[in-house]
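*Asks:* There's a structure below that I have some questions on.
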Amino acid sequence: MTPGPLRRWVLAARVRTLPAAAVPVALGATLAGGGVNVGRTLLALVVALSLQIATNYANDYSDGVRGTDENRVGPFRITASRLVEPRVVRSMAFAFFGVAGVAGLLLALLSSWWLLPIGAAAVLAGWFYTGGPKPYGYLGLGELFVLIFFGFVATVGTAYVQHDHIPKGAWWWGLSAGSMACALLEANNLRDITGDRAAGKHTVAARIGRRAGGWLYVLWVGASALGAAYGGLPLVGAIAVAAYIPALQIALSRREGRDLLPLLQASARAQLIVGGSGALLLALTR
Numbered sequence: 063m064t065p066g067p068l069r070r071w072v073l074a075a076r077v078r079t080l081p082a083a084a085v086p087v088a089l090g091a092t093l094a095g096g097g098v099n100v101g102r103t104l105l106a107l108v109v110a111l112s113l114q115i116a117t118n119y120a121n122d123y124s125d126g127v128r129g130t131d132e133n134r135v136g137p138f139r140i141t142a143s144r145l146v147e148p149r150v151v152r153s154m155a156f157a158f159f160g161v162a163g164v165a166g167l168l169l170a171l172l173s174s175w176w177l178l179p180i181g182a183a184a185v186l187a188g189w190f191y192t193g194g195p196k197p198y199g200y201l202g203l204g205e206l207f208v209l210i211f212f213g214f215v216a217t218v219g220t221a222y223v224q225h226d227h228i229p230k231g232a233w234w235w236g237l238s239a240g241s242m243a244c245a246l247l248e249a250n251n252l253r254d255i256t257g258d259r260a261a262g263k264h265t266v267a268a269r270i271g272r273r274a275g276g277w278l279y280v281l282w283v284g285a286s287a288l289g290a291a292y293g294g295l296p297l298v299g300a301i302a303v304a305a306y307i308p309a310l311q312i313a314l315s316r317r318e319g320r321d322l323l324p325l326l327q328a329s330a331r332a333q334l335i336v337g338g339s340g341a342l343l344l345a346l347t348r
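Numbering of the sequence shown is given in this note's numbering, commencing with residue 63 and proceeding in unit increments.
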């Protein structure tokens with residue numbers, strides 16, 4: 063069944079990837095201690111969610127016009143489906159980048175000017191993931207940029223704007239949040255290995271193969287648990303291991319292609335569990 067006009071955009075926004083944006087903000091806001099600055103936290107959340115949605119639309123557009131999504135087995139893509147003109151999808155991506163920019167500017171005015179160049183770098187990273195003549199997502203660098211921007215930048219940045227200083231353990235929690243975001247990306251890339259190879263998209267998973275890619279997923283989950291433990295809450299590290307067990311079983315199975323669709327769902331669910339429990343325990347202990 064062809065999705066209606068509104069549902070097309072909701073599907074293309076890839077709601078299951080949004081925990082990658084929300085979790086680091088929640089962790090950053092609560093690990094700062096001394097109470098959450100609600101106004102600044104909401105602005106940080108708008109920045110993170112808008113960047114995630116903009117990047118998803120930009121990815122939809124860029125992969126669609128390149129033909130990468132012609133034989134895709136993953137979620138619905140509005141550009142490849144030809145239900146929406148590519149220029150409209152591109153404009154929607156730019157609109158959400160704009161929302162992120164405005165919210166980021168307000169946050170910088172309330173906190174510190176150095177947030178501006180970091181925010182600009184995040185916007186550029188979102189576009190050039192699959193956009194431009196040499197997208198870094200096609201070179202196997204997606205995980206690196208996700209770890210930086212949806213891990214360290216989002217978590218440490220949100221923690222900083224609470225009281226204009228970087229609290230103890232912030233970088234470890236950035237590692238934890240970023241590693242969960244990388245696991246989410248890995249879930250996508252494991253599913254798309256065959257199509258990505260055919261399209262010349264050399265993700266890490268496409269380079270190392272399905273089996274090694276499954277163990278890379280395990281590594282990201284382990285890094286997330288390690289970050290939480292060294293961040294001061296070993297209990298959250300244990301929760302991470304337990305929450306990801308269903309996803310780990312899928313990642314280490316022999317499933318391929320469409321049969322790996324449940325891995326994305328399991329990853330997003332685990333990310334919400336770990337992020338939510340981490341934020342709650344940080345709020346109670348800081």
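Just so you know, even glycine gets a beta-carbon here, dropped at the ideal spot from N, CA and C.
None of the values given here were measured: they were computed from a predicted structure.
(1) Under the three-state reduction of DSSP, which class applies to residue 248: helix, strand or coil?
(2) Does DSSP put residue 138 in a helix, in a strand, or in coil?
(3) If contact is defined by three or more beta carbon pairs under 8 Å, each pair taking one atom from either stretch, is the region 179 to 189 in contact with the region 257 to 266?
(4) With H, G and I counted as helix, E and B as strand and the rest as coil, what does DSSP make of residue 95?
(5) Could you have a look at residue 348 and say whether DSSP puts it in helix, strand or coil?
(6) Residues in the same chain with beta-carbon distance under 7 Å from residue 172, minus the five sequence neighbours each way, listed in chain order, please.
(7) Where does residue 175 fall in DSSP's three states?
(8) Shortest alpha-carbon distance to residue 275 belongs to which of 239, 316, 91 and 295?
(9) If you run the structure through DSSP and keep just helix, strand and coil, what is residue 167?
(10) Going straight from the alpha carbon of residue 168 to that of residue 297, what length do you get?
(11) Under 8 Å Cβ to Cβ from residue 208, same chain only, skipping five residues before and after it: list those, please.
(12) Between the alpha carbons of residue 193 and residue 200, how many angstroms are there, rounded?
(13) Could you tell me if residue 307 is buried or exposed, where buried requires 16 or more neighbouring beta carbons within 10 angstroms of its beta carbon?
(14) Determine, using beta carbons only, whether residue 340 and residue 295 come nearer to each other than 9 Å.
(15) Under 6 Å Cβ to Cβ from residue 99, same chain only, skipping five residues before and after it: list those, please.
(16) Is the region 281 to 294 in contact with the region 150 to 166, if contact means three or more CB pairs nearer than 8 Å?
(17) At what residue ranges does the region 213 to 295 contain a whole run of the beta strand (DSSP E), taking only runs of 3 or more?
*Replies:* Walking through what the data contain:
(1) In this structure, residue 248 counts as helix in the three-state DSSP scheme.
(2) coil
(3) no
(4) In the structure shown, residue 95 sits in coil (DSSP, three-state: anything other than H, G, I, E or B).
(5) coil
(6) 102
(7) Coil at residue 175, not helix or strand.
(8) 316
(9) Here residue 167 sits in helix by DSSP.
(10) 36 Å
(11) 82, 240, 243, 244 and 247
(12) 10 Å
(13) exposed
(14) yes
(15) Contacts found: 224.
(16) no
(17) none
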